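S.K.: The structure's right below; bear with me while I get my questions together.
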DNA sequence: GCCGTTTTCGGCCCGACTGTTTTCAGTCG
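In UniProt numbering, the protein residues as written are 1 to 623.
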């Protein structure tokens, strides 16, 4: 077992102990142990072998014994016994907002509730409100939480759906008889959440053997829980994680139409069909053919065959309707069809994953990350990034072990040494994810922030402030000249928690007026600021930073979802700060992130022809 | 369960908020 696997087990023990009502400090000891393990820079096997594990601060005799057992055998008796002593439904109940271990324990002890279903019934029967410490409002909130959870349960994060779909598409393409295979639907459109998966395969429909082989392969994939339909052209399965998937096998000449149709969105398809009708054509998943009553010269069948023969790709399908190719991410029925008009093509050249040269806002084990500073830099280097920005939490985020001034200064010092050592090709920008306090002031003073290359300002508490207060709070932070960018604008967690109430339009206005960047937090759970806002905001000069908010090396890959969302927001690489090269300042001075910001901001302003629009100029070259 | 120039027991991180209370417990980040 690796140190991070062992840390996971220690954390699970902490959760189980909480549900049992154990001593909170004992619980924290397990959490600390997990953290300590993750920050360990030496090889765990060697530390154990040398007998020095118990000398590590935060790991005493008991944890040494447990970690050793896990490392050697991959199992821990104490953990397994603990697991069987707690009903699994209790752990699941922790996912309901406003329900923590203490209340779950009370519900279990007093009403014998050990599942979400049982809790829903008890709430509906009014039993929960009668318990001491609970009341009508709590009961109502719990019911709503359960209802939300059920509604959310029908959708899945893009990231998770993509992980399931990727190998299936790759596998389908390798099968004999398959000419093309693609995932369609909201997955292909890069939507933040996905309802179900759609796979479109082109194959010879008359070759029933080949079709049977494809269907057999699809239904026999590991993780398939049940086959819900198996017909001539459509097969449906459900995976163990609840995700549904449809496989459609179509003749090759129909592939482009089926792919377009099942990619959607519904609104986009409606508009496309209207456009076709205006041209005397009828568009469907089967093809593009003369609309009824319009096929006067040729017979309908002949015209049909002729049109189909001409169209073998989506590009040709769009062209047949006088449109440029519309990237799937843009097909939301907003303005994309008007913009794609071939005679006046206004479609943007969308940013691509390969345009990124680095990313800001990443955590390390100094706060709540699981990879050390060196591990994060090495991972960025492996990705070929020119630079990586480190932004650990600030001191008010106690729960995330936020850095105080002294620890931040130590980290900056460490980053400077790494940069000058030449150990890594990737340059490291020193930053912070600085808490925006309840009144809009920042968690660090100006002097502390001045030593940094960049500052991400984020809200991490008092989520329930009213819209007016929250908006004023965030704008006050944006107006602080030390702030480079605003972190996760609404704090939402997709499928789990609504964001805090904030007037996005006012925040965007303030960011533009102050030359502050807004983050596109690329964590698959956040994708915040929402893609629906980017198009308009960027057109008015707002600069975006695609930030992975990585808490371990593997999370750097989250920029992939960030790019999806940026594309859905019509963004080109010019709109995104981390597509810019690491700046080499004149006179050989050390590059800083602020120069990058200044360059890009000025570039954006120049492009729009109003260079004076940004009242803040950030031209500092070095500290 | 861990720690220690207050060292083998007693303390361990905290502020805001909500709903339940009538001074506080639980949840969240």
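Even glycine gets a Cβ: it sits at the ideal position worked out from N, Cα and C.
Model, not experiment: these values are computed from the prediction.
Quick one: give me the first and last residue of the alpha helix (DSSP H) that residue 314 is part of.
M.R.: First-last of the alpha helix (DSSP H) with residue 314: 314-320.
S.K.: Could you tell me which whole beta strand (DSSP E) segments of length 3 or greater appear in the region 434-462?
M.R.: 454-458
S.K.: For residue 611, is the classification buried or exposed, using 16 other Cβ atoms within 10 angstroms of its Cβ as the cut-off for buried?
M.R.: For residue 611, the pLDDT reaches just 36, beneath the cut-off of 50, and the residue's location in the model is therefore unreliable, leaving the point undetermined.
S.K.: So for residue 65, helix, strand or coil by DSSP?
M.R.: helix
S.K.: Tell me whether residue 524 is buried or exposed, calling it buried when 16 or more other Cβ atoms sit within 10 Å of its Cβ.
M.R.: Classification for residue 524: buried.
S.K.: Alpha carbon to alpha carbon, what distance is there between residue 148 and residue 128?
M.R.: 19 Å
S.K.: Would you please state the rounded distance, in angstroms, between the beta carbons of residue 453 and residue 429? I believe it to be under 8 Å.
M.R.: 4 Å
S.K.: For a test of the three-state rule: what should DSSP assign to residue 29, helix, strand or coil?
M.R.: helix
S.K.: Terminal residues of the continuous alpha helix (DSSP H) containing residue 115?
M.R.: Note, residue 115: premise wrong, no alpha helix (DSSP H); not H, not E.
S.K.: Can you tell me which of the three DSSP states residue 4 falls into?
M.R.: helix
S.K.: Rounded to whole angstroms, what's the CA-CA distance from residue 101 to residue 210? Just pull it up for me.
M.R.: 54 Å
S.K.: Kindly identify the DSSP beta-bridge partner or partners of residue 180.
M.R.: 202, per the DSSP bridge assignment.
S.K.: Could you tell me the alpha carbon to alpha carbon distance between residue 169 and residue 181, rounded to whole angstroms?
M.R.: Taking the straight line joining both Cα atoms gives about 6 Å.
S.K.: For residue 434 versus residue 443, is the C-beta distance shorter than 7 Å?
M.R.: yes
S.K.: For residue 487, which residues of its own chain have a beta-carbon under 7 Å away from its beta-carbon, when the five flanking residues on both sides are left out?
M.R.: Contacts found: 361, 433, 456, 457, 458, 519, 521.
S.K.: How do the region 551-558 and the region 369-380 stand: do at least 3 beta-carbon pairs fall below 8 Å, yes or no?
M.R.: yes
S.K.: With DSSP as the reference, label residue 50 as helix, strand or coil.
M.R.: Here DSSP, grouped into helix, strand and coil, assigns residue 50 to coil.
S.K.: Taking Cβ to Cβ, would you say residue 79 is nearer than 7 Å to residue 15?
M.R.: Not in contact: residue 79 and residue 15 (Cβ atoms no closer than 7 Å).
S.K.: Check whether the region 571-581 touches the region 398-418, counting contact only when three or more Cβ pairs, one atom from each stretch, lie closer than 8 Å.
M.R.: no
S.K.: For residue 337, collect the residues of the same chain with a Cβ closer than 8 Å to its Cβ; drop the 5 residues on either side in sequence, then sort them by chain order.
M.R.: Result list for residue 337: 268, 271, 272, 275, 323, 326, in chain order.
S.K.: Within its chain, find whatever has a CB closer than 8 Å to the CB of residue 59; leave out the 5 residues flanking it on each side and keep chain order.
M.R.: 33, 36, 37, 53, 67
S.K.: Pick helix, strand or coil for residue 73, following the three-state DSSP scheme.
M.R.: helix
S.K.: Given a threshold of 16 other Cβ atoms within 10 Å of its Cβ, counted over all protein chains shown, does residue 242 qualify as buried or as exposed?
M.R.: exposed
S.K.: Could you give the DSSP three-state label for residue 299: helix, strand or coil?
M.R.: Note on residue 299: pLDDT 45, under 50, position unreliable in the model; the coordinate value appears next. In the structure shown, residue 299 sits in coil (DSSP, three-state: anything other than H, G, I, E or B).
S.K.: Among the residues of its own chain, which have a CB less than 7 Å from the CB of residue 470, if the five just before and after it don't count?
M.R.: 500, 501, 502
S.K.: Among 381, 565, 573, which has the Cα closest to the Cα of residue 188?
M.R.: 565
S.K.: For residue 371 versus residue 392, is the C-beta distance shorter than 7 Å?
M.R.: No.
S.K.: Going by DSSP, what residue range makes up the alpha helix (DSSP H) through residue 472?
M.R.: 467-478
S.K.: Span of the alpha helix (DSSP H) holding residue 134?
M.R.: DSSP places residue 134 in no alpha helix (DSSP H); its state is neither H nor E.
S.K.: By a C-beta neighbour count over all protein chains shown, 10 Å radius and 16 as the cutoff for buried, is residue 246 buried or exposed?
M.R.: buried
S.K.: Taking the alpha carbon of residue 43 as the point to measure from, which residue in 71, 57, 62, 29 has its own alpha carbon closest?
M.R.: 71
S.K.: At the level of alpha carbons, what is the spacing between residue 201 and residue 178?
M.R.: 7 Å
S.K.: Threshold first: 4 residues or longer. Then list the alpha helix (DSSP H) segments lying entirely within the region 358-443, N to C.
M.R.: DSSP runs (the alpha helix (DSSP H)) wholly in the region 358-443: 373-382, 405-421.
S.K.: Leaving aside the five residues before and after residue 146 along the sequence, list all residues of the same chain whose C-beta is less than 8 Å from its C-beta, in chain order.
M.R.: 96, 116, 119, 120, 123
S.K.: Measure from the alpha carbon of residue 527 to the alpha carbon of each residue in 263, 489, 255, 161, then state which is nearest.
M.R.: The shortest C-alpha separation from residue 527 is found at 489.
S.K.: The beta strand (DSSP E) with residue 221 in it runs from where to where?
M.R.: Looking at the DSSP string, residue 221 is not in any beta strand (DSSP E), and its letter there is neither H nor E.
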